[in-house]
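Each residue of the sequence shown is one higher than the last, beginning at 1 in the UniProt record's numbering. Note that the Cβ used here is the ideal one computed from N, Cα and C, for glycine as well. Please read the structure below before turning to the comments.
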Amino acid sequence: MKELQHLNKYFFKYKYSFLLGIVITIVAQIFSLFTPKLISKSFTVIEAFAKDKSVSKSIIQQELITNILLIIATTIIAGFLTFLMRQTLIVMSRHIEFDLKNEVFRQYEMLSQNFYKQNRTGDLMNRISEDVSKVRMYVGPAVMYTINTFIRFAIVIMYMFSVSPRLTLYTLLPLPILSYAIFKISSEINKRSTIFQQYLSKVSSFTQEIFSGIRVIKAYSLEDQHQKNMVDLSQESKSKSLKLAKIQALFGPLMLALIGISNLVVIYFGGLMYINGTIKSIGTIAEFILYVNMLTWPVASLGWVSSMVQEAEASQKRINEFLKIVPEIQNNNPEKSIIEGAISFENVSYTYDDTNITALKNVSFTVQEGETLAILGKTGSGKSTIISLISRLYDVSEGQITIDEKEISQLNLFDLRNTIGIVPQDAFLFSDSIRNNIKFGKENATDEEVETAAKSAVVHDNIIGFNKQYDTILGERGITLSGGQKQRVSIARAIIKNPKILLLDDCLSAVDTETEEAILNNLQEICKDKTTIIVSHRVSSAKNADRIIVLDEGQIIEQGSHNQLLNQEGYYAALYLKQLSEKELQ
């Protein structure tokens, strides 16, 4: 139960619902006890009439009818109170489920890029869906039936003792055996449940990855191979599920057998006690049989509840693993930060933790407010790492980054990112309308602003060519659009934000040179008062920048203006001549 202690804060939050549910449960159980008493009383009346025929039959009938009406009335009241109990406690569990899902989601949002490199999407989804659902079964049905069971046991056994302490002791003899069986089976359920949940995450991760890469699988005709892999994984998952189901299946028959034994004990010992005159009425035996049957469902539910608790414990443990992770990137300054956009790198080095690759080595440069810097270099030279460090997706390993002469980690993290408009190398679009994808950069943007941004990104003409134009719903990750169209919608999303700092990470690689030229001309006007960093493989994207740096293996090998770098006749000049000749050949 250690892992489930995390949920105590939610029980405290909804303490009034919890306490009300307990009160209603107690009252409901009190009303449910009227039935055995009234039946016992009815048996006593019939028994008295059988012994003494002088008693008026009409009086006997009237008393029996009165008892029947009271049984009906108290049963209806107990049923209604049970309904209120479920409404109170089960609704509380839905609120806790809502809160827990939001807590997990907030934690996912706060965790760093390294976390997402090390964990698979399917597993993350399984923890926020399947695992949270298992936990809800604990805070709802499991807690409700546990409260119901303990209250019913307390009240029923108290009534039984008041009627016949000796017969009560005989009736309760099987309970120690039941307790030991529950303990042993619960431990095994916890172990098997943890293993099953892990395999469920593996299946979720595998299928999510396959669906995301279905085009590649079809293109390489690998459907049969992946089907075989899925069958193998599902087979293993089924095996774990069956092992869990087999141990869970022991509970029901075990509980019913023990209740049956208790009934036999009541009939046998109660009969002997009646014969010996220890109990005065046969109605007492009937009353005890009803009490035992009243305990049947609570005792039988102990197995189900125990199973739910063990599964919830296993699931909450998996959830806690992520909730306990401290995000690497922290907001060190809760005060508001005003950012103008002057950026400086001073001997910055960065090594990726997951690969141990040093992406940047002693990189230093400065970009003044409103200037444009272009970064060129081969694949893997560290260009995108610079973009990630400026937006503080990572913190530097060595050196220092300052913005407006303030160390970047001392700026308010959210103000920093709100000041930045970024177009990543991998243009990611949501499964929503094109309009909403562009408005992602500015939620309250007008339709006119959306169209202006799309025109600046030279994608407006493409959009109005679609049947639903800006209301066209995109497929997953924007699959409806071509690579160039996705990049241009991403550019429009960054432009509409009107940021102080604009970061373009090789975002024109999928567009033709003519479109690229048109976008760059538009960006020159848009970026006049913005600090802009353009990462590219093309000289055409960089030539109009105020300054250009060339990276190779994480180090700056050249820097200067377009003309200065051409005169140096180094890497940049060679790349320019090569791309110029390729353009002429086209």
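Check the C-beta distance from residue 427 over to residue 438 and give it rounded, since I have them as a contact under 8 Å. Not quite, the Cβ-Cβ distance comes to about 12 Å (not below 8 Å), so this is no contact.
Residue 547, DSSP secondary structure in three states: strand
Within 10 angstroms of the Cβ of residue 29, are there 16 or more other Cβ atoms? Answer buried if so, exposed if not. buried
Quick one: residues in its chain with C-beta nearer than 7 Å to the C-beta of residue 624, no 5 flanking neighbours on either side, listed in chain order? Because the chain here runs from 1 to 586, residue 624 falls outside it and cannot be looked at.
If we count Cβ pairs, one from each stretch, closer than 8 Å, do we get three or more for the stretch 199-206 versus the stretch 125-137? yes
Classification of residue 541 by the beta-carbon crowding that lies within 10 angstroms, buried from 16 upward: buried
Can you have a look at residue 401 and say buried or exposed, based on whether 16 or more other CB atoms are within 10 angstroms of its CB? buried
With 16 other Cβ atoms within 10 Å as the buried cut-off, status of residue 158: exposed
Indicate whether at least one CB of chain C lies closer than 8 Å to the CB of residue 391. Given the protein chain composition of this structure (a single chain), no chain C is represented.
The alpha helix (DSSP H) spanning residue 248 covers which residue range? 223-248
Spatially closest choice to residue 535 from 547, 144, 295, by CA coordinates: 547
Could you check if residue 10 is buried or exposed, using at least 16 other CB atoms within 10 Å of its CB as the buried criterion? buried
Going by alpha carbons, who is nearest to residue 338 out of 293, 410, 276? 410
Can we say the stretch 354-370 touches the stretch 381-388, given the rule of at least three CB pairs closer than 8 Å? yes
How far does the alpha helix (DSSP H) with residue 13 in it reach, from first residue to last? 8-13
Cα separation between residue 120 and residue 380? 24 Å
Use the C-beta contact count for residue 345: other C-beta atoms within 10 angstroms, 16 or more gives buried, fewer gives exposed. buried
Check whether the Cβ atoms of residue 319 and residue 131 lie closer than 8 Å to each other. yes
Below 8 Å between beta carbons: does that hold for residue 149 and residue 302? yes
Please classify residue 153: does DSSP put it in a helix, a strand, or coil? helix
Report the three-state DSSP secondary structure of residue 291 (helix, strand or coil). helix
Nearest-angstrom Cα separation, counted from residue 305 out to residue 141: 8 Å
Indicate the three-state DSSP secondary structure (helix, strand or coil) for residue 443 in the structure shown. coil
I need the DSSP call for residue 399, collapsed to helix, strand or coil. strand
Determine whether the beta carbon atoms of residue 610 and residue 281 lie at a separation below 8 Å. There is simply no residue 610 to check, as the chain begins at 1 and stops at 586 in what is shown.
Name the two residues that bound the continuous beta strand (DSSP E) containing residue 347. 343-351
So, helix, strand or coil for residue 540, using DSSP? helix
Work out the CA separation of residue 311 and residue 242 for me, nearest whole Å. 15 Å
When you compare each of 321, 181, 227 to residue 211 by their alpha carbons, which one comes out closest? 227
Sufficient close CB pairs (3 or more, under 8 Å) joining the stretch 506-515 to the stretch 486-498: yes
Return the first residue and the last residue of the beta strand (DSSP E) that residue 373 is part of. 372-377
In whole angstroms, what separates the C-alpha of residue 315 from that of residue 465? 49 Å
If you run the structure through DSSP and keep just helix, strand and coil, what is residue 568? helix
Determine the extent of the alpha helix (DSSP H) in which residue 135 is found, giving its start and end residues. 132-137
Could you check if residue 532 is buried or exposed, using at least 16 other CB atoms within 10 Å of its CB as the buried criterion? buried
Between 105, 417, 194, which lies nearest to residue 237 when the distance is taken from Cα to Cα? 194
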